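Okay, so the sequence shown: first residue is 37 according to my numbering, each after it adds one.
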Amino acid sequence: FRRCVQSECVPLATQLASTHSAARVRLKYSQRHTGDNAFAGDLDPVRGESAKRKVAVAGDLKDCEKSCAQRFWPAAERRDWIGSVAIDMAGLTRDQLPSTSR
C-alpha cells in the first residue's frame with residue numbers, strides 16, 4: 037500500500053500543494069485595475085479556475101489512495117485517513133494545502 041501511494045499518489049499531493057501556493061500568490065499580487073477586461077472570476081478564491089483545479093486534484097488524490105487501498109489493503113479503503121496518507125508521506129504541512137483537502 038505504501039509503495040503504491042508513494043509512486044502514484046505523492047506526486048498528486050505535491051501538485052495539490054503547488055497549485056494552492058500559486059493561487060495564493062496570484063491573488064495576493066494581482067494587478068487588477070479599473071477597466072481591466074480580464075475575467076475577474078479567475079481570481080475568485082472560491083469559484084475561480086484555480087479553486088476548481090484544487091478541488092479536482094484533491095478528489096484525484098483521494099481516488100488514488102482509495103485505488104491503492106483496494107489493490108493492496110482492502111480493509112483500509114473506507115478509513116477516515118484515506119486522502120491524507122500521500123500528504124503526510126510528501127512531508128507537506130496543512131497550511132500548504134487548500135481547505136478542501138484538510
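Each residue gets a CB set at the ideal place from its N, CA and C atoms; glycine is no exception. All of these numbers come straight from a predicted model, not from anything done at the bench.
| Query | Result |
| --- | --- |
| Around the Cβ of ALA92, are there at least 16 other Cβ atoms within 10 angstroms (buried) or fewer (exposed)? | exposed |
| Tell me whether SER120 sits in a helix, a strand or coil according to DSSP, three-state version. | coil |
| So for GLY127, helix, strand or coil by DSSP? | coil |
| Thinking just about the alpha-carbon of each residue, which of ALA49, PHE108 and TRP109 is nearest to the one in LYS98? | ALA49 |
| Is it the case that the Cβ atoms of ILE118 and GLU101 are separated by a distance below 7 Å? | yes |
| Tell me the rounded alpha-carbon separation between GLY127 and VAL121. | 10 Å |
| Please classify ALA171 as buried or exposed, where buried requires at least 16 neighbouring CB atoms within 10 angstroms. | As shown, the chain starts at 37 and ends at 138. That puts residue 171 outside it, with no answer to give. |
| What is the rounded straight-line gap between the Cα of ARG89 and the Cα of THR55? | 8 Å |
| When you compare only the Cα positions, how much space is there between GLU113 and THR129? | 23 Å |
| ARG138 by DSSP, collapsed to three states: which one? | Bear in mind that a pLDDT of 46 at ARG138, under 50, signals an unreliable position, so the number given afterwards is only what the model happens to contain. ARG138 falls in the coil class under three-state DSSP. |
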